[in-house]
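*Asks:*
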Amino acid sequence: MVVEAVSWTAAHVANVLRAPTASDDKYSRGVVGMRTGSDRYPGAAVLGVEAAWRTGIGMVRYLGASAPTELVLRRRPETVTADGRVQAWVLGSGMDAATREAHETRAQRGILTGTLPVVVDAGALDLVAEATAPCVITPHAREHAALRARIGLPAIDARDEAARAVAAAQTASALHATVLLKGAVTIVAAPSGWTARVDAATPWLATAGTGDVLAGILGALVAGAQASRERAGEGMDAESLAPIAASAAWLHGGAGVVAARRAGAGKPGPIVALDVAAAVPRAVAEALAAAS
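All the letters of the sequence shown, read from the start, carry residue numbers 552 to 843 under our numbering.
1. Return the first residue and the last residue of the beta strand (DSSP E) that Gly584 is part of.
2. How many angstroms separate the CA atom of Pro819 from the CA atom of Leu825?
3. Run through DSSP, which three-state label would Ala639 get?
4. Leaving aside the five residues before and after Ala633 along the sequence, list all residues of the same chain whose C-beta is less than 6 Å from its C-beta, in chain order.
5. How about Ala635 and Gly588: do their beta carbons lie closer than 8 Å?
6. Could you check the C-alpha separation between Glu655 and Arg813 for me, to the nearest Å?
7. Of all the options Ala735, Arg833 and Ala720, which has the alpha carbon lying nearest to the alpha carbon of Ala728?
8. Just mark Gly615 as buried or exposed, buried being the case when its beta carbon has 16 or more other beta carbons within 10 Å.
9. Hey, is the segment 577 to 585 in contact with the segment 799 to 814, meaning 3+ C-beta pairs nearer than 8 Å?
10. Less than 8 Å between the beta carbons of Val641 and Val583, yes or no?
11. So, under 8 Å CB-CB, Leu731 and Val687 are touching, yes? Tell me the CB distance rounded to an integer number of Å.
12. Please name the residue in Ala838, Ala618, Ala675 and Pro628 whose C-alpha comes closest to that of Ala697.
13. Taking the alpha carbon of Ile662 as the reference point, which residue from Asp647, Thr650, Leu678 and Ala757 has its own alpha carbon closest?
14. Could you give the distance in angstroms between the alpha-carbon of Val527 and the alpha-carbon of Glu629?
15. Just mark Thr666 as buried or exposed, buried being the case when its beta carbon has 16 or more other beta carbons within 10 Å.
16. Helix, strand or coil: which one does DSSP assign to Arg612?
17. Using DSSP bridges, identify the partner residues of Ile738.
18. So is Asp763 buried or exposed if we call it buried at 16+ other beta carbons inside 10 Å?
19. Given that a residue counts as buried once 16 or more other Cβ atoms are within 10 Å of its Cβ, and exposed if not, what is Gly760?
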């Protein structure tokens, strides 16, 4: 099996992004709900929430444990920590399925069997096989291998780029979800077999917390797209999440490049995850400029 992948560019991203207009308010720009972080890994919540805000979302609702909630509000006091209406969810960043509390598992299962689109990361990947909501999953190589074993798909050589693309497409088909397979080259596969290749990143992105930033970017884009579709009386399915996921990966990689150049005063240098989140607005602006 050979998978032909679209090479995702700034022009593709520009077609997904929507700049706000004078008629927009915080609700029309999209509201993303985030159940991320934990008392053990509270920083993941901060990173994802920061990235979602920096991507241009209208509102972030954060629902989590007390320790990450306190840190989120300290970093981003505009974040809403009361339950309410959202247009998309981000689940699992900074969580461990083995230690996830029962009430959190019930809440995530309720979201995954609902109708709103969901970004499923890290500590929620064990629940995705039972999902009926439109989902995009964001595993790295080890998480992807564990997920494939759980649903009965064969192991692959993660060092083989062609094999990674085939495997991502297989997983997407099996789960009826979009797969964003993280790596130096990110592969995005839709349930239909449509596949994109995103290689806009820098090796400096290989550091703790950058995956949480990606989840926040993706959640913001999905919520914004869902808000637009709701106004048009339309819905969203897993297939329509694929170009959004590829665009999130491009913005994440582009922000990493911007951050690394800032760190090295024009030449690439070491970065941390919050540097990447801070650079997202520049990546968004560069993508929007590609439309003109």
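We put the CB at the ideal spot given by N, CA and C, even for glycine. Remember, it's a predicted structure, so these values are computed and weren't measured experimentally.
*Replies:* So, from the data block:
1. Numbered from 1 along the sequence shown, position 33 holds the residue referred to as residue 584. Per DSSP, Gly584 belongs to the beta strand (DSSP E) from Val582 to Arg586.
2. As a first step, residue 819 must be located in the sequence shown, where it is residue number 268. As a first step, residue 825 must be located in the sequence shown, where it is residue number 274. Distance between the alpha carbons of Pro819 and Leu825 is about 16 Å.
3. Start at 1 with the first residue of the sequence shown, and residue 639 comes out as number 88. Three-state DSSP puts Ala639 in a strand.
4. To locate residue 633, count along the sequence shown from 1; it is residue 82. The answer is none, since no qualifying residue turns up.
5. Along the sequence shown, one-based indexing puts residue 635 at 84. Along the sequence shown, one-based indexing puts residue 588 at 37. First, the residue type needs correcting, since residue 635 is Gly and not Ala in the sequence shown. In this structure, Gly588 does not lie closer than 8 Å to Gly635 by Cβ.
6. Translated into positions along the sequence shown, residue 655 becomes position 104. Translated into positions along the sequence shown, residue 813 becomes position 262. The alpha-carbon atoms of Glu655 and Arg813 are separated by roughly 39 Å.
7. By one-based count along the sequence shown, residue 728 stands at place 177. The option with the nearest alpha carbon to Ala728 is Ala720.
8. As a first step, residue 615 must be located in the sequence shown, where it is residue number 64. So Gly615 ends up on the buried side.
9. The way I'd put it, the segment 577 to 585 doesn't touch the segment 799 to 814; fewer than three beta-carbon pairs between them come closer than 8 Å.
10. The sequence position of residue 641 within the sequence shown is 90, counting from 1. The sequence position of residue 583 within the sequence shown is 32, counting from 1. Going by C-beta atoms, Val641 is nearer than 8 Å to Val583.
11. In the sequence shown, residue 731 corresponds to position 180, counting from 1. In the sequence shown, residue 687 corresponds to position 136, counting from 1. Taking a contact as a CB-CB distance under 8 Å, the pair Leu731 and Val687 counts as one, their CB atoms being some 6 Å apart.
12. The residue labelled residue 697 in the question sits at position 146 within the sequence shown. Of Ala838, Ala618, Ala675 and Pro628, the residue nearest in Cα terms is Ala675.
13. Taking the sequence shown and counting its residues from 1, the one referred to as residue 662 is at position 111. It is Leu678 whose Cα lies nearest to the Cα of Ile662.
14. Examination of residue 527 is not possible in this model, given that the chain is present from 552 through 843 alone.
15. What you label residue 666 is simply residue 115 of the sequence shown in a count that begins at 1. When all chains shown are included, Thr666 counts as exposed.
16. On the sequence shown, position 61 is the one that residue 612 refers to. Annotated three-state conformation of Arg612 is strand, per DSSP.
17. Here residue 738 refers to the residue found at position 187 when the sequence shown is read from its first residue. Answer is Leu732 and Arg748, bridged to Ile738.
18. Counting from one through the sequence shown, the residue named residue 763 turns up at place 212. Buried: at least 16 other Cβ atoms inside 10 Å.
19. For the purposes of this step, residue 760 is taken as residue 209 along the sequence shown, with counting starting at 1. Gly760 should be labelled buried.
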